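*Asks:* Per this note's numbering, the sequence shown runs over residues 123 to 376.
Glycine included, every Cβ here is placed at the ideal spot set by N, Cα and C.
Computed from a predicted structure; not experimentally measured.
So that we are looking at the same thing, I have put the structure below in structure tokens.
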Amino acid sequence: MRCPFCRHPDSRVVDSREAEEGSAIRRRRSCLSCGRRFTTMEEASLRVLKRSGVTEPFSRAKVIAGVRKACQGRPVRDDHLALLAQQVEDAVRSAGSAEIPAEAIGRAILGPLRELDEVAYLRFASVYLAFESLADFESAITALRSETSGARRGAEAARNAGRRGDDDGPSSATGALERAGPAAVPPDGELDGEPAPARGGRAADGADSAARRRAGTSQLNVVEGGLGRDGLVAGEHGAARALGAPGATPARHP
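Structure, rendered in structure tokens:
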């Protein structure tokens, strides 16, 4: 590479990096004669074949200028146009040809422009597709509406399917077992990692509770009636002795 300063015919590469979203390579070079450094950009050549047969280099600026006319009065920013031009260049370069017809660039513009602004899309399409009557506009509008409605219906169906999946999904292991049926639900305690009580355990617990209630009732009758260990003591003195009240005189037995 010739040095732009001293015109020496040779230089060495100091650093290389991708640029323009990978479509170009930026190289930092150093002159072998004067030692000064400079930057070069390398990219694959892409030429546009016009209808007249003349070829010219592809230019993002021309793409932006053509689309900007269709976007006049629309809420489209410069960064939107720059992104659209990049998408168009990526699309035409993906064809793998060093020379592309001008019509291919127009077709590559229609898709991103339709996503960007529908009114600007109709304006650009009317010129690029050479609309000649109102019927051409009506056909384009009908096709645009059907595509938009189909996309919206698809998105709505996907959202509804997601909601139904969330509502029908098992929220816990217990819910899954309950939906599987009564036979699949384990006995009480097993869901928490505890062993279930043996069969008849509840009946035994009930019998023990009943026995404890009967014993409590008997003790209460003893207190109220003054029943001591050795016999029936009537009146309040018997009750006091049964309760062990202070000052009570113990019963004497013959």
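1. Under a three-way DSSP split, which group does residue 325 fall into?
2. At the level of alpha carbons, what is the spacing between residue 199 and residue 268?
3. Residue 155 lies in the alpha helix (DSSP H); which residues open and close that run?
4. Count the other CB atoms within 10 Å of the CB of residue 133; is the residue buried (16 or more) or exposed (fewer)?
5. Specify the secondary structure class of residue 160 as computed by DSSP and reduced to three states.
6. Return the CA-CA distance between residue 249 and residue 255, expressed in angstroms with no decimal places.
7. What's the gap between the Cα of residue 261 and the Cα of residue 253?
8. How close, in whole Å, do the beta carbons of residue 240 and residue 205 come, if the pair is a contact with beta carbons under 8 Å?
9. Return the bridge partner residues of residue 222 from the DSSP annotation.
10. Excluding the five sequence neighbours on either side, which residues of its own chain have a C-beta within less than 8 Å of the C-beta of residue 294, listed in chain order?
11. Can you tell me whether DSSP reads residue 211 as helix, strand or coil?
12. Do the CB positions of residue 112 and residue 180 come within less than 9 Å of each other?
13. Would you kindly work out how many angstroms separate the C-alpha atoms of residue 137 and residue 126, rounded to a whole number?
14. Note down the Cα distance separating residue 257 from residue 264, rounded to an integer number of angstroms.
15. Who are residue 177's beta bridge partners in DSSP?
16. Spatial neighbours of residue 172 within its chain, please: CB distance less than 6 Å, with the 5 preceding and 5 following residues excluded, ordered by chain position.
17. Please state whether DSSP places residue 239 in a helix, a strand or coil.
18. For residue 192, does the count of other Cβ atoms within 10 angstroms reach 16, so buried, or fall short, so exposed?
19. In terms of residue numbering, what span does the alpha helix (DSSP H) encompassing residue 187 cover?
20. Whole angstroms is fine: what's the gap from residue 187's alpha carbon to residue 247's?
21. So what does residue 141 bridge to, in DSSP terms?
22. Quick check on this structure: which residue in 148, 129, 178 has the alpha carbon closest to the alpha carbon of residue 155?
23. Anyone know if the C-beta pair for residue 185 and residue 177 falls short of 9 Å?
24. Give me the residue from 144, 163, 207 with the minimum Cα distance to residue 150.
25. Could you give the distance in angstroms between the alpha-carbon of residue 207 and the alpha-carbon of residue 124?
*Replies:* So, to answer that:
1. Any reading at residue 325 needs caution, since the residue's pLDDT is 49, under 50, leaving its predicted position unreliable; the model's value is listed next. Helix at residue 325.
2. If you take the alpha carbons of residue 199 and residue 268, they lie about 27 Å apart.
3. Looking at the DSSP string, residue 155 is not in any alpha helix (DSSP H), and its letter there is neither H nor E.
4. Here residue 133 is buried. Its C-beta has 16 or more other C-beta atoms within 10 Å.
5. DSSP places residue 160 in strand when its eight states are reduced to three.
6. The straight-line gap separating the alpha-carbon atoms of residue 249 and residue 255 is approximately 12 Å.
7. Roughly 10 Å between the two C-alpha positions.
8. The pair is not a contact, with the Cβ atoms about 17 Å apart (cut-off 8 Å).
9. Note: residue 222 sits in a beta bridge opposite 170.
10. Confidence in residue 294 is poor, its pLDDT being 46 and thus under 50, which makes the residue's placement too unreliable to answer from.
11. Collapsing the DSSP output to three states places residue 211 in a helix.
12. Only positions 123 to 376 of the chain appear in the structure, and residue 112 is not among them; the question remains open.
13. Approximately 18 Å between the Cα atoms of the pair.
14. The straight-line gap from Cα to Cα measures roughly 10 Å.
15. In the DSSP output, where bridge partners are listed per residue, residue 177 has 171.
16. So the list reads 224, once near-sequence residues are dropped.
17. Collapsing the DSSP output to three states places residue 239 in coil.
18. The residue in question, residue 192, is buried, as its Cβ has 16 or more Cβ neighbours within 10 Å.
19. Counting along the chain, the unbroken alpha helix (DSSP H) around residue 187 starts and ends at 182-192.
20. The straight-line gap from Cα to Cα measures roughly 15 Å.
21. Its beta-bridge partners are 146.
22. Ranked by how close their Cα comes to the Cα of residue 155, the residues 148, 129, 178 have 129 in first place.
23. Not in contact: residue 185 and residue 177 (Cβ atoms no closer than 9 Å).
24. Residue 163 is the option with its Cα nearest to residue 150.
25. One C-alpha to the other measures close to 32 Å.
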